[in-house]
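Enquirer:
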């Protein structure tokens, strides 16, 4: 697409991210070509145009108001627009010295991982996720 051609001219050929800690430096991709951002932004644009009121699947949104990568102020109105869905939110506390985009996991917040996983599993259980698959596997 045209964007793939122009993006390197506008923001540079590569994006380089400073690691937030040793695990981030060791396990994450910190350098990538800027044209790789184009498909992600195309997906964001499609999501912004989506008829969110038509969403009926249960939604669990896990986010941090201090996220420096996405516009966190857009999250509450986006979730409110999902009027046909059961929506739950889990807002996590900001992490010092972090962009607060990835706020769980061994590299960024190992202490938050188990409680967040428990919340995800409870959400899935409440939504009935996996019940059909479990019945098929067992019977």
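Residue numbers (my numbering): 4 to 142. Where is the CB? At the ideal position from N, CA and C, for every residue including glycine.
1) Out of 83, 14, 118, 111, state which residue places its alpha-carbon closest to the alpha-carbon of residue 24.
2) Distance, Cα to Cα, residue 118 vs residue 58?
3) Using only alpha-carbon positions, find the residue among 39, 22, 37 that is nearest to residue 31.
4) Taking 8 Å as the limit between beta carbons, can you name the residues of its chain near residue 64, skipping five residues before and five after?
5) What are the partner residues of residue 112, as DSSP defines its beta bridges?
6) Closest by CA to residue 69, which one among 103, 88, 6?
7) Assign residue 19 to one of two classes, buried (16 or more other C-beta atoms within 10 Å of its C-beta) or exposed (fewer than that).
8) Is residue 116 closer than 8 Å to residue 105 when the C-beta atoms are compared?
9) Look at the alpha carbon of residue 114 and the alpha carbon of residue 125, and state the distance between them as a whole number of angstroms.
Expert: Based on what the coordinates show:
1) As a working mapping, residue 24 is identified with position 21 in the chain shown. Taking only the C-alpha atoms, the option nearest residue 24 is 111.
2) Looking up residue 118 in the chain shown gives position 115. Looking up residue 58 in the chain shown gives position 55. Residue 118 and residue 58: Cα-Cα distance of roughly 27 Å.
3) Here the question's residue 31 lines up with position 28 in the chain shown. Of the residues 39, 22, 37, the one whose Cα lies closest to the Cα of residue 31 is 22.
4) The residue you call residue 64 lines up with position 61 of the chain shown. Within the same chain, residue 64 has close Cβ partners 78, 82, 90, 91, 92, 93.
5) Counting from one through the chain shown, the residue named residue 112 turns up at place 109. Answer is 108, bridged to residue 112.
6) For the purposes of this step, residue 69 is taken as residue 66 along the chain shown, with counting starting at 1. Closest option to residue 69, Cα to Cα, is 103.
7) For the purposes of this step, residue 19 is taken as the residue at position 16 of the chain shown. Exposed, by the Cβ-count rule.
8) By 1-based counting over the chain shown, the position of residue 105 is 102. By 1-based counting over the chain shown, the position of residue 116 is 113. Taking 8 Å as the Cβ cut-off, residue 105 and residue 116 do not qualify as a contacting pair.
9) Within the chain shown, numbered from 1, the residue matching residue 114 stands at position 111. Within the chain shown, numbered from 1, the residue matching residue 125 stands at position 122. When the Cα atoms are used, residue 114 and residue 125 turn out to be separated by approximately 18 Å.
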